[in-house]
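Taking it in order: structure first as structure tokens, then the write-up.
Protein chains: 2
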Amino acid sequence: MSCIKTIREKGLKLTLQRQLIVDAIHSTQEHLTSDQIIAYVQDRTPGINKSTVYRTLQLLEEAGCIYKSELGGQLIYHHNEEGHHHHLICRKCGRTIDCKDDIFRQFEKTLEDRYGFKATFNHMVISGLCTKCKRLS
Amino acid sequence: MSCIKTIREKGLKLTLQRQLIVDAIHSTQEHLTSDQIIAYVQDRTPGINKSTVYRTLQLLEEAGCIYKSELGGQLIYHHNEEGHHHHLICRKCGRTIDCKDDIFRQFEKTLEDRYGFKATFNHMVISGLCTKCKRLS
DNA sequence: CTTGATGCAAACGCTTTGCAGAAAT
DNA sequence: ATTTCTGCAAAGCGTTTGCATCAAG
């Protein structure tokens, strides 16, 4: 669990709260909203405060342990175990497909050729329809 | 000004407030935040209320006259004169480059081939470096 | 005259902050 | 013992809502 190691290395204190928050983020390959993280943590140890969760998420983000993105006006969090990657989210069933950074290579080239623009794709969240839902619609 | 026409056609009332808000959105090719729209409108006619602006923006969005997206945690608004299009925003100088929908065609195909995923790109905002800033960095 | 829009103030949801007490090192 | 973290409560921010009044049609 590299988050824990990072916390130690930075001389930060390793509290139960922080361990639980790190757990929550690693509990899924999908994104979590702050509410989901708060629920996970409070479910296991009632009494843990929202502000602690928000503070820890901020800390973990600054330490590079997690990513924060936006989806539908909500902030969402994801761990950073496998480096840069992206998500395809089905707007019907909500299924998330992870994909690697290299899908953007060709698209980046197109943008650079046509507009001279060097795009940066940071942990993108792309909305659409997955194979199943595409067939049904 | 097709927004005005749409308002009329829908039997909605054409007030000074609404005209000013439509003006604001057409005053630039770039995105505007709600704050910028509120400022534009109040600058010309002091006393116009925020809630009127928010209500009108919602109305115009539902009528398909404007787009709402998110950028850096903020909601941003853009008129819809030329149909679907996208923006490349330079994270250094803030310059906005408009680009047409067709830049995504090939990328869409890649996603469909590799993941069976039918992506939808709605008025995307892509961050990166423009030609000038790229050279300087 | 009728319907719909406005301004105001208050509520909203999510996130952040100041502070005193509590826990990790 | 010394930091640093926590819970609490309160404030912050952008946005939304209920309501009485006002204006467009």
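So the protein sequences, as listed, match chains A and B.
Just so we're aligned: the first sequence equals residues 3 to 139 in this note's numbering.
Just so we're aligned: the second sequence equals residues 3 to 139 in this note's numbering.
For each residue, glycine too, the CB sits at the ideal point set by N, CA and C.
{"Item": "Can you tell which of Phe119/B, Arg93/B and Lys111/B has its C-alpha closest to the C-alpha of Lys120/A?", "Value": "Arg93/B"}
{"Item": "By Cβ distance below 6 Å, which residues in the same chain neighbour Ile78/A in space, the five residues on each side in sequence not counted?", "Value": "His33, Thr35 and Ser71"}
{"Item": "At a Cβ cut of 7 Å, what residues of the region 42-54 of chain B count as close to chain A, listed as they run along the chain?", "Value": "none"}
{"Item": "Taking the alpha carbon of Gly118/A as the reference point, which residue from Ser4/B, Thr112/B and Leu90/B has its own alpha carbon closest?", "Value": "Leu90/B"}
{"Item": "Can the beta-carbon of Ile23/A be found less than 7 Å from the beta-carbon of Thr58/A?", "Value": "yes"}
{"Item": "When we look at the beta-carbon of Arg1/A and count the other beta-carbons within 10 Å, is it buried (16 or more) or exposed?", "Value": "The shown model of chain A, from 3 to 139, leaves out residue 1/A, and the question about it has no answer."}
{"Item": "Helix, strand or coil, according to DSSP, for Cys95/B in the structure here?", "Value": "coil"}
{"Item": "Can you find a C-beta in chain A that's less than 7 Å from the C-beta of Gly85/B?", "Value": "no"}
{"Item": "Below 8 Å on C-beta distance, what does Glu72/A contact in chain B?", "Value": "Glu72 and Gly75"}
{"Item": "Taking all protein chains shown into account, do 16 or more other C-beta atoms lie within 10 angstroms of the C-beta of Cys132/A, making it buried, or fewer, making it exposed?", "Value": "buried"}
{"Item": "Under a CB-based cut-off of 7 Å, is Lys136/B close to chain A?", "Value": "yes"}
{"Item": "I'd like to know whether the C-beta of Ile99/B is nearer than 7 Å to at least one C-beta of chain A.", "Value": "yes"}
{"Item": "Which value, in whole angstroms, describes the spacing of the CA atoms of Cys166/A and Gly74/A?", "Value": "What the structure shows of chain A is the stretch from 3 to 139, and residue 166/A is not part of that stretch, so it cannot be assessed."}
{"Item": "With a CB to CB cut of under 8 Å and the five nearest residues on each side skipped, what residues in its chain are close to Gln38/B?", "Value": "Ala26"}
{"Item": "Using a Cβ-Cβ cut-off of 7 Å, state whether Leu34/B counts as contacting chain A.", "Value": "no"}
{"Item": "On the CB-based measure, 16 or more other CB atoms within 10 Å of its CB, does Gly13/A come out buried or exposed?", "Value": "exposed"}
{"Item": "Label Leu62/B either buried or exposed according to how many other C-beta atoms from any shown protein chain fall within 10 Å of its C-beta, with 16 as the threshold for buried.", "Value": "buried"}
{"Item": "Ends of the beta strand (DSSP E) at Lys70/B?", "Value": "Ile68 to Leu73"}
{"Item": "At 8 Å on the CB atoms, spell out the chain B contacts of Gly118/A, in chain order.", "Value": "Cys132, Thr133 and Lys136"}
{"Item": "Which partner residues of His145/A appear in the DSSP bridge assignment?", "Value": "No answer is possible for residue 145/A: the residues shown for chain A start at 3 and end at 139."}
{"Item": "Give me the residue from Arg97/A, Asp115/A, Glu83/A and Ile128/A with the minimum Cα distance to Ile105/A.", "Value": "Ile128/A"}
{"Item": "What residues from chain B crowd round Gln108/A, counting only those whose CB sits closer than 8 Å?", "Value": "Gln108, Phe109 and Thr112"}
{"Item": "Excluding the 5 residues flanking Tyr69/B on each side, which residues of the same chain have their C-beta closer than 6 Å to its C-beta?", "Value": "His80, Asn82 and His125"}
{"Item": "Is the CB-CB distance between Phe123/A and Phe109/B below 7 Å?", "Value": "no"}
{"Item": "Anyone know if the C-beta pair for Cys101/B and His86/B falls short of 7 Å?", "Value": "no"}
{"Item": "Tell me the rounded alpha-carbon separation between Glu114/B and Leu113/A.", "Value": "20 Å"}
{"Item": "Might you give, ordered along the chain, the residues of its own chain that have their beta carbon closer than 8 Å to the beta carbon of Gln31/A, omitting 5 neighbours on each side?", "Value": "Thr98 and Asp100"}
{"Item": "I want to verify the contact list: residues of chain A whose CB lies under 9 Å from the CB of Leu59/B, in sequence order.", "Value": "Within chain A, no residue comes near Leu59/B; the closest Cβ sits about 14 Å away, beyond 9 Å."}
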